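>
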Amino acid sequence: MAMSTDPGCRRDDSDPDSMTPDPSNLTAMMAAVTMKTTETDVSPANGVRNGAQQDGAKRGPPSRAHLSGRKLSLQERGTYPSGGTHVSPRVARRPTVESKQVSISDAEDCIQLNQYKLKSEIGKGSYGVVKLVYNDNDDNHYAMKVVSKKKLMKQYGFPRRPPPRGPKAAVQGEQPKVLGPLERVYQEIAILKKLDHLNIVKLVEVLDDPAEDNLHMVFDLMPKGPVMEVPTDSPFTEQQTRLYFRDIVLGMEYLHYQKIVHRDIKPSNLLLGDDSHVKIADFGVSNQFEGNDALLSSTAGTPAFMAPETLSDIRQSFSGKALDVWAMGVTLYCFVFGKGFSQN
């Protein structure tokens, strides 16, 4: 999986969620979007990482035959691992493996962690890297996110906006706990472990040895990288936009059903798989909630994709689901025009 480890361009003034009734319902808000695909749907050239282009005419990956020739619905009935009947395009997968002991050795000019042979570096951030790895056990390649706990604590920093104090705290209730940077990583792992959907990146294994500085997160490999690099001179066609945005809607509906708000939806966090499906990635600033919606009072994510209410100087609470829907709208704009609102 091609993914970014650098939070520098992302704003994170996070605090935990409260609950509020009468939420904005993603299904209701997005139901007006009619999506229809054909067997001629193709992937754009800029869906390939680093802008790689194919020679001659543009060619996409194999068409998604199981989606062709029918009108797509937000509701594909199935059973989730949680037991509820909702959107589920495939059967439940095996749980994420958690390894507390990491064996480090040299193997064929590369370092090996347990069964994983570390190959080339495919991503880099301020507190870690993403490595291409080979799994000896199943003969497959994966993406391993390597996080230095020490660098994370030193460089990541804590939320910029402190929790409310004084009269504001009295109005809003009990003062929420502010998560530290390492706690946020463990929260991201907890969120990813419970997710099982075609349009969500899959966390395969977590290697976290208490005696080691590095924490390792193994994901399914997404060699094509982000679905779009913004800005671009090659925006998507209407057909491509419908295909990819449909995946985002289904993935986001599933997240909200699982009581999770993503808070950082943008093209660079939407990865294109070999199956031509878009998968939502990077849950570093995501939150879990109870009830019908997350009532947030902090900002997190990328400013260009934030809803207007989060950028106000007046401190207020806002719907977490609505923030995700706004970010989806900005992403849709990027798909069609190749740039965001702020780049006009």
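Using the working numbering, the first residue of the sequence shown is number 679, and each one after it goes up by one.
For every residue, glycine included, the Cβ atom is placed at its ideal position computed from N, Cα and C.
Predicted model, so just to flag it, every value in this text is computed and none were measured.
1) For L950 and P901, I'd like the C-alpha separation in whole angstroms.
2) Rounded to the nearest angstrom, what separates K1017 and I869 at their Cα positions?
3) Spatial neighbours of F1015 within its chain, please: C-beta separation below 8 Å, excluding the five flanking residues on both sides.
4) Can you find the residues in the same chain that come closer than 8 Å, C-beta to C-beta, to H955, ignoring five residues on each side of it along the sequence?
5) Between P981 and L989, is the Cβ-Cβ spacing less than 9 Å?
6) Under DSSP, the beta strand (DSSP E) around G801 begins and ends at which residues?
7) Where does L921 fall in DSSP's three states?
8) Buried or exposed, going by whether 16 or more other CB atoms sit within 10 Å of the CB of G747?
9) Kindly indicate which residue of L893, S975, T774, K880 has the alpha-carbon position closest to the one of V780.
10) Just to check my reading of the structure: Y820 and V896 have Cβ atoms closer than 8 Å, yes? What is that Cβ distance to the nearest angstrom?
11) Roughly how many angstroms lie between the CA atoms of E890 and D898, to the nearest whole one?
12) Verify whether the separation of the beta carbon atoms of I938 and L873 is less than 9 Å.
13) Which runs of the alpha helix (DSSP H) at least 4 residues long sit entirely within the region 938-995? Give them in chain order.
14) Mapping DSSP to helix, strand and coil, what is Q865?
15) Which residues in the same chain have their Cβ closer than 6 Å to the Cβ of Q1013, if we skip the five residues on either side of it in sequence?
16) Between the Cα of A978 and those of G969, L830, N970, F961, spot the shortest distance and give me the residue it belongs to.
17) Counting only the same chain and skipping the five closest in sequence on each side, list residues whose C-beta sits under 8 Å from that of L830.
18) State the DSSP-derived secondary structure class of K827, mapped to helix, strand or coil.
19) Alpha carbon to alpha carbon, how far is V963 from D971? Give it in angstroms, no decimals.
20) Can you tell me which of K802, G801, V856, E786 puts its alpha carbon nearest to the alpha carbon of D814?
21) Given T774, which residues of its chain have a CB within under 6 Å of its CB, disregarding the five upstream and five downstream residues?
22) Ignore the nearest five residues each way along the sequence and tell me which others in G762's own chain have a CB closer than 6 Å to its CB.
23) Starting from V1003, trace the alpha helix (DSSP H) in both directions and tell me its first and last residue.
24) By DSSP, does G903 sit in helix, in strand, or in coil?
25) Once DSSP output is grouped into helix, strand and coil, what is the label at S1020?
26) Grab me the residues of V825's own chain with a C-beta within less than 8 Å of its C-beta, minus the 5 sequence neighbours each way, in chain order.
27) Per the DSSP calculation, S777 is bridged to which residue(s)?
28) Quick one: Cα of F996 to Cα of F983, how far?
29) Using the Cα positions of V944 and E799, report the straight-line distance between them to the nearest angstrom.
30) Considering only residues of the same chain and omitting the five flanking positions on each side of S796, which have a CB-CB separation below 6 Å?
According to the data block:
1) Position 272 of the sequence shown, counted from the start, is the residue given in the question as residue 950. Position 223 of the sequence shown, counted from the start, is the residue given in the question as residue 901. Computed Cα separation, rounded: 8 Å.
2) For the purposes of this step, residue 1017 is identified with residue 339 of the sequence shown, where counting begins at 1. For the purposes of this step, residue 869 is identified with residue 191 of the sequence shown, where counting begins at 1. Going by the C-alpha atoms only, they are around 30 Å apart.
3) Position 337 of the sequence shown holds residue 1015. So the qualifying residues of the chain are P913.
4) Within the sequence shown, the letter at position 277 stands for residue 955. The answer, listed in chain order, is R742, L876, N877, D925.
5) Position 303 of the sequence shown, counted from the start, is the residue given in the question as residue 981. Position 311 of the sequence shown, counted from the start, is the residue given in the question as residue 989. Yes, they are a contact pair.
6) Taking the first residue of the sequence shown as position 1, residue 801 is located at position 123. Per DSSP, G801 belongs to the beta strand (DSSP E) from 794-802.
7) Taking the sequence shown and counting its residues from 1, the one referred to as residue 921 is at position 243. Looking at L921 - three-state DSSP - the assignment turns out to be helix.
8) For the purposes of this step, residue 747 is identified with residue 69 of the sequence shown, where counting begins at 1. Because the pLDDT of G747 is 43, which lies under 50, any placement of that residue in the model is unreliable, and the question is left without a value.
9) Locating residue 780 in the sequence shown gives position 102, where the first residue counts as 1. Out of L893, S975, T774, K880, L893 has the C-alpha closest to the C-alpha of V780.
10) Within the sequence shown, numbered from 1, the residue matching residue 820 stands at position 142. Within the sequence shown, numbered from 1, the residue matching residue 896 stands at position 218. Their Cβ separation, rounded to whole angstroms, is 5 Å, which keeps Y820 and V896 in contact under 8 Å.
11) Position 212 of the sequence shown, counted from the start, is the residue given in the question as residue 890. Position 220 of the sequence shown, counted from the start, is the residue given in the question as residue 898. E890 and D898: Cα-Cα distance of roughly 23 Å.
12) Translated into positions along the sequence shown, residue 938 becomes position 260. Translated into positions along the sequence shown, residue 873 becomes position 195. Taking 9 Å as the Cβ cut-off, I938 and L873 qualify as a contacting pair.
13) none
14) As a working note, residue 865 is residue 187 in the sequence shown. In the structure shown, Q865 sits in a helix (DSSP, three-state: H, G or I).
15) Mapped onto the sequence shown, residue 1013 falls at position 335. Here residue 1013 turns out to be Phe, not Gln, going by the sequence shown. Result list for F1013: F914, T919, in chain order.
16) In the sequence shown, residue 978 corresponds to position 300, counting from 1. Minimum Cα distance to A978 is reached at F961.
17) Indexing the sequence shown from 1 puts residue 830 at position 152. Excluding sequence neighbours, L830 sits near Y805, G806, P859, L860, V863.
18) Position 149 of the sequence shown, counted from the first residue, corresponds to residue 827. Correct three-state label for K827: helix.
19) As a first step, residue 971 must be located in the sequence shown, where it is residue number 293. As a first step, residue 963 must be located in the sequence shown, where it is residue number 285. Their backbone Cα atoms lie some 16 Å apart in a straight line.
20) One-based indexing of the sequence shown puts residue 814 at position 136. Of K802, G801, V856, E786, the residue nearest in Cα terms is E786.
21) Here the question's residue 774 lines up with position 96 in the sequence shown. So the qualifying residues of the chain are K871, L881.
22) Taking the first residue of the sequence shown as position 1, residue 762 is located at position 84. In this prediction, G762 has a pLDDT of 42, which is less than 50 and means its spatial position is unreliable; what the coordinates show is noted afterwards. No residues qualify anywhere along the chain.
23) Against the sequence shown, residue 1003 aligns to sequence position 325. Start and end: 998-1015.
24) Working through the sequence shown from its first residue, we reach residue 903 at position 225. Coil at G903, not helix or strand.
25) The sequence position of residue 1020 within the sequence shown is 342, counting from 1. Helix, per DSSP.
26) Taking the first residue of the sequence shown as 1, we reach residue 825 at position 147. Cβ neighbours of V825 beyond the five flanking positions: T683, Y805, G806, V863, N892, L893, H894, M895.
27) Residue numbering aside, residue 777 sits at position 99 when the sequence shown is read from its first letter. Answer by DSSP bridge pairing, in chain order: L885.
28) One-based indexing of the sequence shown puts residue 996 at position 318. One-based indexing of the sequence shown puts residue 983 at position 305. Cα to Cα, the separation comes out at about 15 Å.
29) The sequence position of residue 944 within the sequence shown is 266, counting from 1. The sequence position of residue 799 within the sequence shown is 121, counting from 1. For the sequence presented, residue 944 should be read as Lys rather than Val. Those two C-alpha atoms are separated by around 23 Å.
30) Taking the first residue of the sequence shown as 1, we reach residue 796 at position 118. Checking the sequence, you will find Leu at residue 796 rather than Ser. Once the five neighbours on either side are set aside, the close Cβ partners of L796 are C788, I789, K809, V811.
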